[in-house]
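> Before I ask anything, let me first share the structure, which is written out below as structure tokens.
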Amino acid sequence: MMPPERGYFQLQQAVEVAQAFSRHEVEFMFIGKSGAILLGYPSTTQDVDLFPKKDSKNGERIVQALRELDFEITDEISTNIINGVDFVQLKNGPFDLDLVFAPDGIESYDEAKKRMVMLDGFPIANIRDIISSKKASGREKDLLDLPLLEDFREEFEKKMRGEPKSAVQIAMDKTKDNN
């Protein structure tokens, strides 16, 4: 695994997480700004934000997947993940990763899963859930993003009537139309 530039979310990080979590049958979805970026939102972020299902068996699978990805998982971190502590921040691996077991503004994993989208093999929280979570967090940096995220949501939903497409798929469709 090639270490990406530290400090910025990279597509390769999402690919590695999705593959490892899939191999270990982890129930999760991308959330936060990294989730929005995977939907095509033009921005950057410093970490990968994941919303895993809060369940001890799922937590055990998360620990295995993170170890496979070369995260240093101490006994304390392992216990926090298995117990589904609301927020677990990992800065001791190949990139920064946040596990958010109870994101603000989202009622439950099972409810969010009903609205989740799959794009290019990535399970991603619905853009409306991402926005709700940012609103509910009350953090200044999240609140500053809201107008742009709302504009993106409007455009995304207009373009995605029917089957959602990623930014890559949209660009490929435009190329086909021009040929």
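For the sequence shown, my numbering begins at 32 and goes up steadily by one. No residue lacks a Cβ here, since even glycine has one placed at the ideal position from N, Cα and C. All of these numbers come straight from a predicted model, not from anything done at the bench.
(1) For residue 156 and residue 93, which I take to be in contact (beta-carbon distance under 8 Å), what is that distance rounded to the nearest angstrom?
(2) I'd like the ranges of any beta strand (DSSP E) spanning at least 3 consecutive residues and lying wholly in the stretch 44–105.
(3) Assign residue 65 to buried or exposed, taking buried as 16 or more other Cβ atoms, counted over all protein chains shown, within 10 Å of its Cβ.
(4) Would you call the stretch 43–51 and the stretch 92–109 in contact, with 3 or more CB pairs under 8 Å?
(5) Within the 9 Å Cβ cut-off, does residue 120 reach chain C?
(6) Are there three or more Cβ pairs, one per stretch, closer than 8 Å when the stretch 111–125 is compared with the stretch 145–155?
(7) Assign residue 114 to one of two classes, buried (16 or more other C-beta atoms within 10 Å of its C-beta) or exposed (fewer than that).
(8) Given a threshold of 16 other Cβ atoms within 10 Å of its Cβ, counted over all protein chains shown, does residue 72 qualify as buried or as exposed?
(9) Can you tell me the Cβ-Cβ gap for residue 164 and residue 134, rounded? I've got them flagged as a contact below 8 Å.
(10) How would you call residue 176, buried or exposed, if buried means at least 16 neighbouring beta carbons within 10 angstroms?
(11) For residue 34 and residue 95, what's the separation of their Cα atoms in angstroms?
If we stick to the structure as given:
(1) The residue you call residue 156 lines up with position 125 of the sequence shown. The residue you call residue 93 lines up with position 62 of the sequence shown. About 17 Å separates the two Cβ atoms, so there is no contact after all.
(2) 59–61, 79–83
(3) As a position in the sequence shown, residue 65 is number 34, starting the count at 1. Buried.
(4) yes
(5) Chain labels in this structure do not include chain C; a single protein chain is all it has.
(6) Using a Cβ-Cβ distance cut-off of 8 Å, the stretch 111–125 and the stretch 145–155 are not in contact, since fewer than three pairs of beta carbons, one from each stretch, lie closer than that value.
(7) Taking the first residue of the sequence shown as 1, we reach residue 114 at position 83. Residue 114 comes out exposed.
(8) The residue labelled residue 72 in the question sits at position 41 within the sequence shown. Under this definition residue 72 is a buried residue.
(9) Position 133 of the sequence shown holds residue 164. Position 103 of the sequence shown holds residue 134. The Cβ separation is near 4 Å, so the contact holds.
(10) On the sequence shown, residue 176 is found 145 positions in, with the first residue counted as 1. When all chains shown are included, residue 176 counts as buried.
(11) For the purposes of this step, residue 34 is taken as residue 3 along the sequence shown, with counting starting at 1. For the purposes of this step, residue 95 is taken as residue 64 along the sequence shown, with counting starting at 1. Reliability of the predicted coordinates at residue 34 is poor, the pLDDT of 47 falling under 50, and no value is obtained from them.
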